[in-house]
Every structure is written in C-alpha cells, then in structure tokens.
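Note that this note's numbering numbers the sequence shown so that position 231 is 231, with each residue one more than the last. All residues carry an ideal CB built from backbone N, CA and C; glycine is no exception. Just below is one structure, and these are the notes that go with it.
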Amino acid sequence: MLAPLPLGSTDQIWICIWCVLMAASLATADLDGVAREDAWLLMPLLATLAMIAAVVVVQEWRDPPFELGNPVWQTASKWLGSPSSSRVSTTVNGPWLAVGYPLLLAMVLIRAFVISTDASSARRLLLLLAWVGCAYAVYGILAEFGDPNGLLSRRKEAYLGYATGTFVNRNTAAIFWGSSAILFLVPLVRFAHRRDLPDAPASPRLSDRVTFYSSSPAALGIGFAICLTATAMTGSRAGLLLSICAFLLAGVLYLAPLPLGNLRRWALAGGAAVAALLILQLVGGAVAGRIGTYGLIDEQRLGAYQRSVAIIRDYPLLGVGWGNFETTFPAYRTAELGSLGVWDRAHSTPLELAAELGLPAASLVVLCCLWYIYLLLRSSLRRKRDRYIPIVGVSVAALGLVHSCIDFSLQIPGFGIFFAAIAGCGLAQSIPSELRKERGKFE
Numbered sequence: 001m002l003a004p005l006p007l008g009s010t011d012q013i014w015i016c017i018w019c020v021l022m023a024a025s026l027a028t029a030d031l032d033g034v035a036r037e038d039a040w041l042l043m044p045l046l047a048t049l050a051m052i053a054a055v056v057v058v059q060e061w062r063d064p065p066f067e068l069g070n071p072v073w074q075t076a077s078k079w080l081g082s083p084s085s086s087r088v089s090t091t092v093n094g095p096w097l098a099v100g101y102p103l104l105l106a107m108v109l110i111r112a113f114v115i116s117t118d119a120s121s122a123r124r125l126l127l128l129l130a131w132v133g134c135a136y137a138v139y140g141i142l143a144e145f146g147d148p149n150g151l152l153s154r155r156k157e158a159y160l161g162y163a164t165g166t167f168v169n170r171n172t173a174a175i176f177w178g179s180s181a182i183l184f185l186v187p188l189v190r191f192a193h194r195r196d197l198p199d200a201p202a203s204p205r206l207s208d209r210v211t212f213y214s215s216s217p218a219a220l221g222i223g224f225a226i227c228l229t230a231t232a233m234t235g236s237r238a239g240l241l242l243s244i245c246a247f248l249l250a251g252v253l254y255l256a257p258l259p260l261g262n263l264r265r266w267a268l269a270g271g272a273a274v275a276a277l278l279i280l281q282l283v284g285g286a287v288a289g290r291i292g293t294y295g296l297i298d299e300q301r302l303g304a305y306q307r308s309v310a311i312i313r314d315y316p317l318l319g320v321g322w323g324n325f326e327t328t329f330p331a332y333r334t335a336e337l338g339s340l341g342v343w344d345r346a347h348s349t350p351l352e353l354a355a356e357l358g359l360p361a362a363s364l365v366v367l368c369c370l371w372y373i374y375l376l377l378r379s380s381l382r383r384k385r386d387r388y389i390p391i392v393g394v395s396v397a398a399l400g401l402v403h404s405c406i407d408f409s410l411q412i413p414g415f416g417i418f419f420a421a422i423a424g425c426g427l428a429q430s431i432p433s434e435l436r437k438e439r440g441k442f443e
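Spelled out as structure tokens, the structure:
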C-alpha cells in the first residue's frame with residue numbers, strides 16, 4: 001500500500017526495506033490453503049529467477065573464460081597502464097544492485113498468490129488494492145489543483161501542469177490509476193449482470209460493514225470515476241489510450257462466455273465503442289491535445305530503441321550487465337537524440353532486459369510472462385465462480401506489460417508492487433477450487 005508514496009520507491013533503500021518486510025511476511029505466511037497445483041503453477045517464475053541469478057553470477061565473474069569479458073575493461077587497462085580484472089558487466093556492482101527489485105516483485109506475487117488461494121481473501125485483497133489506488137488518485141487530483149508545481153516535499157522538475165500524484169513520471173501514474181480503475185470497473189460490470197448484492201452486511205463487525213459499503217455499486221462507480229479522472233489528468237497519451245483498451249478487454253472477457261444472442265453481442269460491442277469514445281472526449285481533453293500537437297509516435301524514443309537494438313546486436317548472449325543500461329547507452333547515443341536529458345532507461349522494458357541480460361535470459365522472462373497471461377485468459381473464459389478475479393488479473397497484466405513495451409512503468413517499484421499483487425491474486429484464482437481439493441495440500 002505504501003510503495004507508491006515515497007516517489008514510487010525508486011531509491012535503493014526503499015527496495016531493501018520492502019524486500020525485508022516481504023521476506024518476513026512470507027516466512028510467517030499460513031500455507032494451509034496452498035496445494036501441490038499451486039506450487040507447480042509458480043515453478044516457471046522460480047525457474048526464471050534461477051536463470052537470471054545464474055546470468056548475474058556469470059556477468060560478475062572475474063576474468064570469465066572464452067573471452068566473454070566486456071572490451072571496456074581492456075580499454076581501462078590500456079589507459080591506466082595497469083592490468084585489471086575483466087567482467088561481462090560494464091560495472092563492478094551494477095548487476096548485484098539490480099537483483100533486489102525483481103526479487104521483490106517475485107516475493108510480492110507469491111505472497112499475494114498465497115493469500116488469494118482462498119476466494120474470499122482474494123476478493124478482499126482486490127477491494128483493498130482498488131481503494132488504495134483511489135486514495136492515491138484523490139491525492140493526485142487535489143495536489144494538481146492545490147500545488148500544481150509540487151511533488152510531495154519537493155518541486156516538480158518536469159510534467160508541470162499534469163497530475164503525477166506521488167510518482168515522478170506521469171506515464172507511470174497513468175498506468176497505476178488506469179489499473180486501479182479496472183479494479184472498480186470489473187466488479188461493477190459483474191454487478192450489472194448478476195445483481196446479487198446482499199441487502200445487509202454479513203455481520204455487525206466493522207470490517208464486514210466496511211466491505212459491504214465499499215463494494216456497493218455506488219462506491220464502485222465513484223471509485224472508477226475518480227481513477228479515470230486522475231488518469232486523464234496525467235496527459236499521458238499511451239496511459240489513457242491503453243487504459244481504455246484494457247477496459248474494453250475486461251468487458252469482452254466478461255461477456256464472451258455468457259449466453260447472449262448475436263444481436264445483443266453486437267449491441268454491447270457498439271455500446272462499448274461509443275462509451276470508449278465518450279470517455280476520451282469527456283475526460284481526455286489534455287491527452288487529445290497532446291496527440292494533436294505531437295502525434296502518437298515519439299521520434300526520439302524510436303531513436304533510443306534503435307540504439308538499444310545496437311547494444312543487443314553487440315552483446316547478444318549475456319548483455320552488458322543487469323542495471324548497466326545507463327552507463328552503456330552514452331557510447332551509443334547519436335546526434336539525432338540531442339544533448340538534452342539523460343537516457344537512464346531504454347523506455348522499453350523488453351529491449352532493456354535484452355541489452356542488460358542478453359537475448360536468452362530476456363526471452364525466458366518474456367515466455368514466462370506470456371505463459372501466465374495464457375493461464376489468466378483461459379481462466380477468465382472457463383472459470384465458473386469468481387470469474388471476475390482472473391479477468392481483473394489479465395486486464396491489469398495486459399495493461400502493464402503492453403505499456404512497458406513502450407515505456408518503463410513496470411520498472412518503477414511503486415507500480416510494479418501493485419501490479420505483482422494483482423497478478424498474483426488473479427493467478428491464484430486461475431486454478432479451480434475443485435482441483436485444489438482433489439490434488440491435496442502441498443507438503
């Protein structure tokens with residue numbers, strides 16, 4: 001819940017703090033609800049982490065065999081006039097420092113997965129995450145009106161006139177709030193279809209009353225409107241457009257298995273398209289203005305992609321070392337990119353992974369993500385009870401992963417932790433309850 005607060009938790013100290021807290025949470029987790037099928041589902045994630053760890057060890061290996069060392073170390077020895085150890089990595093400690101964040105994401109996903117093996121716990125977790133996202137959206141809207149040039153306790157250096165909330169980058173803020181809007185939208189669509197809201201809280205306890213009123217259709221509608229407004233106020237072109245696409249994806253996945261006639265399907269499809277256009281027209285004025293001024297394609301970003309491909313071409317097997325993109329990119333920077341700004345990221349997470357880890361490891365990460373997307377999609381269409389949970393999971397996963405192909409939202413811990421928790425929740429509910437009962441507990 002607190003990860004977005006300290007400027008997206010981008011500082012290394014915050015990653016360390018969250019890692020310690022998550023490790024303690026996992027160590028004390030109740031595993032009674034975890035079955036063997038759950039452990040098998042997490043195996044691709046654990047195998048990918050093991051592969052990445054092996055690559056990092058090789059990257060930090062002093063004087064590696066087969067002349068795998070980066071030529072930059074030979075250049076340093078030549079200019080200094082003294083021999084130095086060679087490494088695959090272009091820096092001494094870069095890969096070790098970069099390991100913490102993916103480890104944190106994995107721990108968050110696994111912890112959310114363990115919690116969400118129980119359907120009622122999964123519902124409560126998604127509701128909590130929805131209102132946490134809404135709280136940050138309220139702050140972002142109020143901060144933009146009250147102090148548009150402020151960013152918590154400091155002054156904004158960029159994106160003046162646009163809402164960023166507690167994030168430095170407006171694109172990350174847009175995807176964060178767009179994901180939060182999905183958490184409200186899908187239960188709202190579910191209620192519109194089923195109309196099964198109970199008449200009163202399950203018990204007089206405060207927690208049950210809070211859950212009852214915060215999950216009412218009126219509350220869900222208000223939360224969705226707030227998060228959507230905050231998303232539009234960022235002025236992020238890709239953020240708003242991809243969020244609307246994720247809304248449509250969630251609606252399609254929910255309606256696809258329902259026994260509707262062709263006429264109703266086409267009517268709903270047309271209504272969804274009109275609703276998307278109305279959303280863009282009503283709240284997307286800033287985004288539409290930026291599209292009209294700058295278009296949809298950023299020429300400088302395309303140039304950065306081309307230079308990132310050049311790095312991959314030069315170091316295809318093991319990359320330049322995890323976390324070393326910022327130190328490597330200046331040698332590949334061309335005049336077309338200008339002299340302003342620091343390209344500390346590739347603005348494409350897959351390209352940056354391939355440049356830093358090499359094509360084999362990056363391909364394994366991509367395959368792992370695609371496999372989990374497939375599981376979420378399959379469950380979204382086949383599951384009978386609580387089908388909306390994997391629908392939320394796949395919609396948020398698609399939004400975050402697609403946006404990270406053209407930016408770096410998943411590389412910001414404030415959003416990445418939120419993303420991993422939702423994905424873990426959806427994956428836990430992608431396994432049918434009957435299968436857990438048949439296979440038995442994990443021991």
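Straight through space, the alpha carbons of Leu353 and Leu364 are spaced by roughly 11 Å.
Going by C-alpha positions, Gly221 is about 10 Å away from Pro187. If the five residues before and after Leu128 are omitted, its C-beta is found closer than 8 Å to the C-beta atoms of Met1, all from its own chain and listed in chain order.
Straight across, the Cα-Cα distance linking Ser308 with Phe325 is about 9 Å.
With fewer than 16 neighbouring CB atoms inside 10 Å of its own CB, Pro217 falls in the exposed class. Under the 10 Å beta carbon count, Tyr162 is surrounded by 16 or more other beta carbons and is classified as buried.
For His193, the uninterrupted alpha helix (DSSP H) segment begins and ends at Arg170 to Arg194. In this structure, DSSP gives Leu151 an extended state, which the three-state scheme calls strand. At least 8 Å separates the beta-carbon of Tyr136 from that of Gly94.
Judged by DSSP in its simplified three-state form, Ala35 adopts strand. For Ser236, the closest alpha carbon among the candidates Thr75, Phe176, Pro257 and Ala219 is that of Phe176. In the three-state DSSP reduction, Glu60 falls in the coil class, being neither helix nor strand. Separation of the CB atoms of Leu228 and Ile279 is rounded to 7 Å, and the pair is thereby assigned contact status at 8 Å. Nearest C-alpha to Thr328 among Arg378, Thr90 and Tyr254: Thr90.
For Val92, there is no enclosing alpha helix (DSSP H), as DSSP gives it neither H nor E. Residue environment analysis places Glu60 among the buried positions, since at least 16 neighbouring C-beta atoms fall within 10 angstroms of its C-beta. When the Cα atoms are used, Val58 and Leu49 turn out to be separated by approximately 14 Å.
Going by C-alpha positions, Trp131 is about 11 Å away from Arg124.
Approximately 14 Å separates the beta-carbon atoms of Ser430 and Ser395; this is outside 8 Å, ruling out the contact.
The beta carbon of Ser409 sits closer than 7 Å to those of Asn171, Thr172, Ile175, Gly400, His403 and Phe415, all from its chain and outside the five residues before and after it, given in chain order. Taken through DSSP and simplified to helix, strand or coil, Gly319 comes out as coil. Apart from the 5 residues on each side of it in sequence, Glu336 sits with its Cβ closer than 7 Å to the Cβ of Gly303 in its chain, given in chain order. For Phe167, there is no enclosing alpha helix (DSSP H), as DSSP marks it with neither H nor E. At a Cβ-Cβ threshold of 8 Å, Asp386 and Ala119 count as neighbours.
Less than 8 Å separates the beta-carbon of Phe418 from that of Ala3. Shown here for Tyr315: not one same chain residue has a beta carbon closer than 6 Å to its own, the five before and five after excluded.
Closest in alpha carbon position to Val274, among Ala346, Leu248 and Arg154, is Leu248. For Ser203, the secondary structure class from DSSP, reduced to helix, strand or coil, is coil. Pairing Ala230 with Gly140, the inter-Cα distance amounts to about 7 Å.
In the DSSP assignment, Arg378 falls within the unbroken alpha helix (DSSP H) covering Leu359 to Arg382. When DSSP states are grouped into helix, strand and coil, Gly414 belongs to the helix group. The region 221-296 contains, as complete alpha helix (DSSP H) runs of 4+ residues, the segments 237-255, 262-283 and 285-294 (chain order).
If you compare the alpha carbons of Gly251, Glu356, Cys405 and Gln300 with that of Leu381, the shortest gap goes to Gly251. At the C-beta level, Ser180 and Cys134 come within 8 Å of one another. Ala421 sits close to Val108, with the two beta carbons spaced by under 8 Å. Taking all protein chains in view, the Cβ of Arg195 is surrounded by fewer than 16 other Cβ atoms within 10 Å, so the residue is classified as exposed.
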